[in-house]
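Colleague: Pasting a structure below so you can have a look.
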Amino acid sequence: EAGVAQSPRYKIIEKRQSVAFWCNPISGHATLYWYQQILGQGPKLLIQFQNNGVVDDSQLPKDRFSAERLKGVDSTLKIQPAKLEDSAVYLCASSIGYGVWDTEAFFGQGTRLTVV
Amino acid sequence: EDKVVQSPLSLVVHEGDTVTLNCSYEVTNFRSLLWYKQEKKAPTFLFMLTSSGIEKKSGRLSSILDKKELFSILNITATQTGDSAIYLCAVESGGAGSYQLTFGKGTKLSVIP
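Which chain is which? The protein sequence lines are A and B, in order.
The first sequence begins at 1 in our numbering and counts up by one.
The second sequence begins at 117 in our numbering and counts up by one.
See below:
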């Protein structure tokens, strides 16, 4: 079974530059999540999609972060412009379940972003 | 290909029992092993382990890493119904200029009164 695919795996950019991450969830999974994980902390939910609609983006810094899931499958997360504090691992996850996280979610391998 | 295997996949215990969850891994360029508790929209970080043989404790939870045998265990003593969740193990790996975070499938723990 193919898992959640993310790219790139690793990115180094200078502050004020832009960066984009891509995620391809498991086929048939309606719900897609983007997380930001800072070293030593748990993942923070940035945005949750259900198909191509946004369910929860309350913790997304909308002045610089944006995400889309146009056809209800792949998703991209963009940061523009990046700040030093954006250095983190960005995780994508998908699940079959709708709404409340009561079903198993599958994580991608993450993208480690370093902003210098 | 990096691999993280958790066992058991599911477990049902009674309140007050002690449980041990297992996580074994095969990765290239190990960096750290992380344990999470997954019950709501975002997993809760429990422990990060980088060194062998040093137990980390937080209340009734403890964890230890064995880098020689490539596994970690998560212990929960005096379990409570609030411990019911999926426990995820993940391993960070990768050399300079590369990175990967590989998750296990999780252990679903159900604690019944």
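Every residue, glycine too, gets a C-beta built ideally from N, C-alpha and C.
Could you name the residues of the same chain whose beta carbon sits closer than 6 Å to that of A/Thr114, not counting the 5 residues immediately before and after it, in chain order?
Modeller: Locating residue 114 of chain A in the first sequence gives position 114, counting from the first residue. Answer for A/Thr114: Ile12 and Ser87, listed in chain order.
Colleague: Quick check on the burial criterion: 16 or more other C-beta atoms within 10 angstroms. Buried or exposed for B/Leu125?
Modeller: For the purposes of this step, residue 125 of chain B is taken as the residue at position 9 of the second sequence. By the neighbour-count rule (16 or more Cβ atoms within 10 Å), B/Leu125 is not buried but exposed.
Colleague: Quickly, what does DSSP pair B/Thr136 with across the bridge? List them, please.
Modeller: Position 20 of the second sequence, counted from the start, is the residue given in the question as residue 136 of chain B. In the DSSP output, where bridge partners are listed per residue, B/Thr136 has B/Asn191.
Colleague: Please classify B/Thr134: is it buried, with 16 or more other beta-carbons within 10 angstroms of its beta-carbon, or exposed?
Modeller: Taking the first residue of the second sequence as position 1, residue 134 of chain B is located at position 18. Exposed is the call here.
Colleague: In chain order, what residues of the same chain have a beta carbon less than 6 Å from the beta carbon of A/Ala105, not counting five sequence neighbours either side?
Modeller: As a first step, residue 105 of chain A must be located in the first sequence, where it is residue number 105. Answer for A/Ala105: Ala93 and Ser95, listed in chain order.
Colleague: Buried or exposed: B/Thr144, going by 16 or more other Cβ atoms within 10 Å of its Cβ?
Modeller: In the second sequence, counting from the first residue as 1, residue 144 of chain B sits at position 28. So B/Thr144 ends up on the exposed side.
Colleague: According to DSSP, is B/Cys186 part of a helix, a strand, or is it coil?
Modeller: In the second sequence, counting from the first residue as 1, residue 186 of chain B sits at position 70. Here the sequence assigns Leu to residue 186 of chain B, which means Cys is not the residue at that position. Three-state DSSP puts B/Leu186 in coil, outside helix and strand.
Colleague: Kindly say whether A/Val89, judged by its beta-carbon, lies nearer than 8 Å to any beta-carbon of chain B.
Modeller: Along the first sequence, read from residue 1 onward, the residue named residue 89 of chain A stands at position 89. Yes, contact with chain B.
Colleague: How about B/Thr218 and B/Ala206: are their beta carbons less than 8 Å apart?
Modeller: Your numbering for residue 218 of chain B matches position 102 in the second sequence. Your numbering for residue 206 of chain B matches position 90 in the second sequence. Taking 8 Å as the Cβ cut-off, B/Thr218 and B/Ala206 qualify as a contacting pair.
Colleague: Given that A/Gly42 touches chain B, what residues does it touch there, using C-beta distances under 7 Å?
Modeller: Sequence index remark: in the first sequence, residue 42 of chain A carries index 42 (1-based). Those are Tyr152, Ala158, Pro159, Thr160 and Phe161, listed as they occur along chain B.
Colleague: For the region 62–108 of chain A, list the beta strand (DSSP E) runs that are entirely contained and at least 3 residues long, ordered along the chain.
Modeller: Listed in chain order, the complete beta strand (DSSP E) runs (minimum 3 residues) inside the region 62–108 of chain A are 65–68, 75–79, 88–95 and 105–107.
Colleague: Alpha carbon to alpha carbon, how far is B/Thr193 from B/Ser178?
Modeller: As a working note, residue 193 of chain B is residue 77 in the second sequence. As a working note, residue 178 of chain B is residue 62 in the second sequence. Using only the alpha carbons, I get a separation of about 9 Å.
Colleague: Pick from A/Leu39, A/Leu32, A/Val4 and A/Gln37: whose alpha carbon is nearest that of A/Gln48?
Modeller: Numbered from 1 along the first sequence, position 48 holds the residue referred to as residue 48 of chain A. It is A/Leu32 whose Cα lies nearest to the Cα of A/Gln48.
Colleague: What does the alpha-carbon distance come out to for the pair A/Ser58 and A/Ser27?
Modeller: Translated into the one-based positions of the first sequence, residue 58 of chain A becomes position 58. Translated into the one-based positions of the first sequence, residue 27 of chain A becomes position 27. One C-alpha to the other measures close to 26 Å.
Colleague: List the DSSP bridge partners of A/Gln48.
Modeller: Taking the first sequence and counting its residues from 1, the one referred to as residue 48 of chain A is at position 48. Answer is A/Tyr33 and A/Asp56.
Colleague: Can you name the start and end residues of the beta strand (DSSP E) that A/Thr114 belongs to?
Modeller: Locating residue 114 of chain A in the first sequence gives position 114, counting from the first residue. From DSSP, the beta strand (DSSP E) with A/Thr114 extends over Thr111 to Val115.
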